[in-house]
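Protein chains: 2
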Amino acid sequence: DLLYLIEAYFQPKLLKGKKILITAGATLEMIDPVRAITNLSSGKMGYAIAQAAYEMGADVTLVSGATALNPPNGVRNISATSAATMYQNVMQNIASQDIFIGVAAVADYSPAQTQQQKIKKSEQSLSLELSRNKDIIAEVASLPSPPFCVGFAAETENLLEYAEAKRLKKKLPLIVANLTSDAMGNDNNKVFLLDSNGTHPLEQAAKIEIARSLLTHVASML
Amino acid sequence: DLLYLIEAYFQPKLLKGKKILITAGATLEMIDPVRAITNLSSGKMGYAIAQAAYEMGADVTLVSGATALNPPNGVRNISATSAATMYQNVMQNIASQDIFIGVAAVADYSPAQTQQQKIKKSEQSLSLELSRNKDIIAEVASLPSPPFCVGFAAETENLLEYAEAKRLKKKLPLIVANLTSDAMGNDNNKVFLLDSNGTHPLEQAAKIEIARSLLTHVASML
Chain A
4 DLLYLIEAYF
14 QPKLLKGKKI
24 LITAGATLEM
34 IDPVRAITNL
44 SSGKMGYAIA
54 QAAYEMGADV
64 TLVSGATALN
74 PPNGVRNISA
84 TSAATMYQNV
94 MQNIASQDIF
104 IGVAAVADYS
114 PAQTQQQKIK
124 KSEQSLSLEL
134 SRNKDIIAEV
144 ASLPSPPFCV
154 GFAAETENLL
164 EYAEAKRLKK
174 KLPLIVANLT
184 SDAMGNDNNK
194 VFLLDSNGTH
204 PLEQAAKIEI
214 ARSLLTHVAS
224 ML
Chain B
4 DLLYLIEAYF
14 QPKLLKGKKI
24 LITAGATLEM
34 IDPVRAITNL
44 SSGKMGYAIA
54 QAAYEMGADV
64 TLVSGATALN
74 PPNGVRNISA
84 TSAATMYQNV
94 MQNIASQDIF
104 IGVAAVADYS
114 PAQTQQQKIK
124 KSEQSLSLEL
134 SRNKDIIAEV
144 ASLPSPPFCV
154 GFAAETENLL
164 EYAEAKRLKK
174 KLPLIVANLT
184 SDAMGNDNNK
194 VFLLDSNGTH
204 PLEQAAKIEI
214 ARSLLTHVAS
224 ML
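Here the protein sequences come in this chain order: A and B.
If you count the first sequence from 1, you need to add 3 to reach my numbering.
If you count the second sequence from 1, you need to add 3 to reach my numbering.
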């Protein structure tokens with residue numbers, strides 16, 4: 004609506020001249036041509052961050068997994084629906100970036116083999132072999148001169164403990180912690196920002212508001 | 004648009020007084036609170052059939068799996084995103100139905116156990132145990148006095164052979180055969196209707212047109 008457009012127009016241009024790469028949405032790891040392992044990420048949080056970053060003056064590249072959303076205006080969108088293609092597209096575009104925010108819920112495991120034809124059902128039970136995918140944000144953060152890396156931790160329990168452990172293990176300056184029940188599929192979210200100064204809780208708000216608060220925090224750390 | 008509304012209004016009321024139950028969309032079989040096995044069904048074909056059936060005068064119940072679509076006007080919609088809840092909701096509503104059309108891409112297998120908390124990644128590989136789901140349309144077709152049952156076969160190879168085998172095995176008077184590459188996610192489709200009289204190819208067309216042709220064929224068989 005008009006009010007929103009005015010508000011967006013007047014966002015402080017805190018990211019002017021900055022290049023930012025954001026991943027968003029779920030990945031689909033194909034078992035056969037029609038079946039896949041996926042997750043419940045809607046893409047709303049990542050898309051809100053891409054939109055907020057554009058409104059704050061950044062040059063935004065969005066690497067999108069599976070999502071029903073339309074990419075925000077002004078943003079370069081690259082579609083990459085599997086963990087492997089998402090990794091490739093991030094790595095191809097990472098060199099010139101100032102900031103990387105990994106919001107996509109990337110599958111940790113993929114089927115060890117993708118069948119070329121639809122599997123016919125037969126047995127009463129079967130066993131699906133899975134192998135570990137590359138950890139995109141950990142790979143980005145361990146580049147020789149990495150961009151400023153922001154991770155997301157979506158947990159069902161032990162939220163702050165798991166998120167801080169993930170931040171330290173992957174060597175991220177900042178991680179956003181949220182409960183899956185607050186985050187996934189919702190228009191609102193309730194998050195905590197964790198950095199080396201400690202835990203900064205944000206009030207529950209629309210994802211676009213959370214996105215603006217997060218990017219304001221990021222800009223203050225650059 | 005207006006032209007569409009006029010066309011819809013003037014559809015022959017071939018299903019007036021008939022009760023029809025349609026399943027549509029994909030199922031989500033949860034591995035843990037955020038990860039799932041799913042498939043690429045968009046729900047478009049099933050929703051088009053529900054809409055066309057309503058326009059032809061039927062009393063329509065739609066049992067919807069995972070889909071990003073809004074249910075058509077005039078249709079009773081029941082949300083059921085797993086194979087197990089879809090089975091339950093179909094069986095609770097089947098007794099009074101004249102026609103059952105199973106369009107949903109119901110998962111053949113589900114994880115043997117759904118974890119209550121998000122699984123933490125650890126091993127380089129892992130094995131996911133799956134167990135067979137109930138075959139909804141086969142169960143409906145084997146009821147003592149079943150509704151007129153229409154199945155869908157989405158195949159990647161041997162289309163007509165697999166579809167006819169499925170029709171005979173599940174004792175369906177009619178099955179719709181389509182290639183996954185023609186069907187899944189698309190606005191158009193190319194299908195064959197298979198019944199005891201043989202194979203009836205339909206021209207490639209918008210899914211709403213396919214739906215009208217299918218229901219006209221069904222009405223002729225009642």
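Yeah, the Cβ is synthetic: ideal placement off N, Cα and C, and Gly gets one too.
Continuous alpha helix (DSSP H) assignments of at least 4 residues falling wholly in the segment 12 to 88 of chain A: Those alpha helix (DSSP H) runs which fall completely within the segment 12 to 88 of chain A and span 4+ residues are 47 to 58.
Chain A residues whose Cβ lies nearer than 7 Å to that of residue 42 of chain B: Looking up residue 42 of chain B in the second sequence gives position 39. What residue 42 of chain B touches in chain A: 37, 38, 39.
DSSP three-state assignment for residue 162 of chain B, whether helix, strand or coil: To locate residue 162 of chain B, count along the second sequence from 1; it is residue 159. Helix at residue 162 of chain B.
Residue 104 of chain A - partner residues in DSSP beta bridges: What you label residue 104 of chain A is simply residue 101 of the first sequence in a count that begins at 1. Residue pairing by DSSP puts residue 104 of chain A in a beta bridge opposite A:25, A:153.
Rounded straight-line distance, which links the Cα of residue 171 of chain A to that of residue 185 of chain B: On the second sequence, residue 185 of chain B is found 182 positions in, with the first residue counted as 1. On the first sequence, residue 171 of chain A is found 168 positions in, with the first residue counted as 1. One C-alpha to the other measures close to 47 Å.
Alpha helix (DSSP H) segment containing residue 219 of chain A, residue limits: Counted from its first residue, the first sequence places residue 219 of chain A at position 216. Unbroken alpha helix (DSSP H) run through residue 219 of chain A: 210 to 224.
Where residue 161 of chain A falls, given that 16 or more other Cβ within 10 Å makes a residue buried: Here residue 161 of chain A corresponds to residue number 158 of the first sequence, with the count starting at 1. Exposed.
Cutoff 8 Å; reference residue 112 of chain A; Cβ partners in own chain excluding five residues on either side: Translated into positions along the first sequence, residue 112 of chain A becomes position 109. So the qualifying residues of the chain are 32, 40, 133, 134, 135, 136.
Chain A contact for residue 157 of chain B (CB, 8 Å cutoff): One-based indexing of the second sequence puts residue 157 of chain B at position 154. Taking a beta-carbon distance threshold of 8 Å, residue 157 of chain B counts as an interface residue toward chain A.
Own chain residues within Cβ distance below 6 Å of residue 150 of chain A, not counting five before or after: Within the first sequence, numbered from 1, the residue matching residue 150 of chain A stands at position 147. Result list for residue 150 of chain A: 100, 101, 102, 103, in chain order.
Beta-carbon separation (whole angstroms), residue 1 of chain B vs residue 139 of chain B, contact threshold 8 Å: This structure gives no information on residue 1 of chain B, because the portion of chain B shown stretches from 4 to 225.
Rounded separation between residue 37 of chain B and residue 30 of chain B - CA only: Against the second sequence, residue 37 of chain B aligns to sequence position 34. Against the second sequence, residue 30 of chain B aligns to sequence position 27. Approximately 14 Å, taken between the alpha carbons.
Rounded distance between the beta-carbons of residue 78 of chain A and residue 53 of chain A, thought under 8 Å: By one-based count along the first sequence, residue 53 of chain A stands at place 50. By one-based count along the first sequence, residue 78 of chain A stands at place 75. About 5 Å separates the beta carbon of residue 53 of chain A from that of residue 78 of chain A, a gap short enough to meet the 8 Å contact definition.
Neighbouring residues, chain B, relative to residue 129 of chain A (Cβ below 7 Å): Numbered from its first residue, the first sequence carries residue 129 of chain A at position 126. Listed along chain B are 112, 133, each with a C-beta nearer than 7 Å to that of residue 129 of chain A.
Members of the segment 163 to 187 of chain B near chain A, C-beta cut-off 9 Å: Answer set for the segment 163 to 187 of chain B: 165, 183, 184, 187.
Cβ-based neighbour list, residue 196 of chain A, same chain, cut-off 7 Å, excluding 5 preceding and 5 following: Position 193 of the first sequence holds residue 196 of chain A. Excluding sequence positions up to five before and after residue 196 of chain A, its CB lies within less than 7 Å of the CB of 177, 179, 203, 205, 217, 220, all in the same chain and listed in chain order.
Reduced DSSP category for residue 109 of chain B - H, G, I as helix; E, B as strand; rest coil: Here residue 109 of chain B refers to the residue found at position 106 of the second sequence. The answer is coil: DSSP assigns residue 109 of chain B none of H, G, I, E or B.
Chain B contacts from the segment 138 to 155 of chain A (Cβ-Cβ distance under 7 Å): So nothing in the stretch comes that close.
Under 8 Å from the C-beta of residue 120 of chain A: neighbouring residues of chain D: Protein chains in the displayed structure are A and B, and chain D is not among them.
Simplified DSSP state of residue 183 of chain A, which is helix, strand or coil: For the purposes of this step, residue 183 of chain A is taken as residue 180 along the first sequence, with counting starting at 1. DSSP places residue 183 of chain A in helix when its eight states are reduced to three.
Beta-bridge pairing of residue 133 of chain B - partner residues as DSSP gives them: Against the second sequence, residue 133 of chain B aligns to sequence position 130. By DSSP's assignment, residue 133 of chain B forms a beta bridge with A:129, B:114.
Same chain only: Cβ atoms within 6 Å of residue 14 of chain A, ignoring 5 sequence neighbours per side: Residue numbering aside, residue 14 of chain A sits at position 11 when the first sequence is read from its first letter. Excluding sequence neighbours, residue 14 of chain A sits near 58, 59.
Three or more C-beta pairs below 8 Å linking the segment 118 to 128 of chain B and the segment 61 to 75 of chain B: Note that the segment 118 to 128 of chain B does not touch the segment 61 to 75 of chain B; fewer than 3 beta-carbon pairs, one per stretch, sit closer than 8 Å.
Residue burial classification, residue 192 of chain A (beta-carbon count within 10 angstroms, cutoff 16): Taking the first residue of the first sequence as position 1, residue 192 of chain A is located at position 189. Under this definition residue 192 of chain A is a buried residue.
Span of the beta strand (DSSP E) around residue 4 of chain A: Position 1 of the first sequence holds residue 4 of chain A. Bounds of any beta strand (DSSP E) do not take in residue 4 of chain A, whose DSSP letter is neither H nor E.
Local Cβ density within 10 Å of residue 126 of chain B, reported as buried at 16 or more and exposed below that: The residue labelled residue 126 of chain B in the question sits at position 123 within the second sequence. When all chains shown are included, residue 126 of chain B counts as exposed.
Separation of residue 84 of chain A from residue 144 of chain A, as counted between CA atoms: Taking the first sequence and counting its residues from 1, the one referred to as residue 144 of chain A is at position 141. Taking the first sequence and counting its residues from 1, the one referred to as residue 84 of chain A is at position 81. When rounded, the distance between both Cα atoms is 22 Å.
CB contact check: residue 124 of chain A to chain B, cutoff 8 Å: Sequence index remark: in the first sequence, residue 124 of chain A carries index 121 (1-based). Judged by the 8 Å Cβ criterion, residue 124 of chain A is in contact with chain B.
Nearest residue (CA-CA) to residue 7 of chain A, options A:146, A:115, A:123, A:211: Working through the first sequence from its first residue, we reach residue 7 of chain A at position 4. If you compare the alpha carbons of A:146, A:115, A:123, A:211 with that of residue 7 of chain A, the shortest gap goes to A:211.
Start and end residues, alpha helix (DSSP H) containing residue 97 of chain B: Here residue 97 of chain B refers to the residue found at position 94 of the second sequence. Neither: residue 97 of chain B is in no alpha helix (DSSP H) and is coded neither H nor E.
Spatial neighbours of residue 10 of chain B in its chain, beta-carbon cut-off 8 Å, leaving aside the 5 residues before and after: As a working note, residue 10 of chain B is residue 7 in the second sequence. Counting only Cβ-Cβ distances below 8 Å, and skipping sequence neighbours, we find nothing.
Nearest to residue 147 of chain A (by Cα), restricted to the options A:98, A:200, A:50, A:93: Within the first sequence, numbered from 1, the residue matching residue 147 of chain A stands at position 144. Of the candidates A:98, A:200, A:50, A:93, the one whose C-alpha sits nearest the C-alpha of residue 147 of chain A is A:98.
Cβ-Cβ distance between residue 48 of chain B and residue 109 of chain B below 8 Å: In the second sequence, the residue the question calls residue 48 of chain B occupies position 45. In the second sequence, the residue the question calls residue 109 of chain B occupies position 106. Judged by their CB atoms, residue 48 of chain B and residue 109 of chain B are not nearer to each other than the 8 Å cut-off.
Length of the line joining the Cα atoms of residue 194 of chain B and residue 209 of chain B: Mapped onto the second sequence, residue 194 of chain B falls at position 191. Mapped onto the second sequence, residue 209 of chain B falls at position 206. If you take the alpha carbons of residue 194 of chain B and residue 209 of chain B, they lie about 11 Å apart.
Contact check, residue 46 of chain A vs residue 61 of chain A, beta carbons under 8 Å: Position 43 of the first sequence holds residue 46 of chain A. Position 58 of the first sequence holds residue 61 of chain A. No. Outside cutoff.
Interface residues of the segment 70 to 83 of chain A facing chain B [CB-CB below 7 Å]: Here the close residues are 71.
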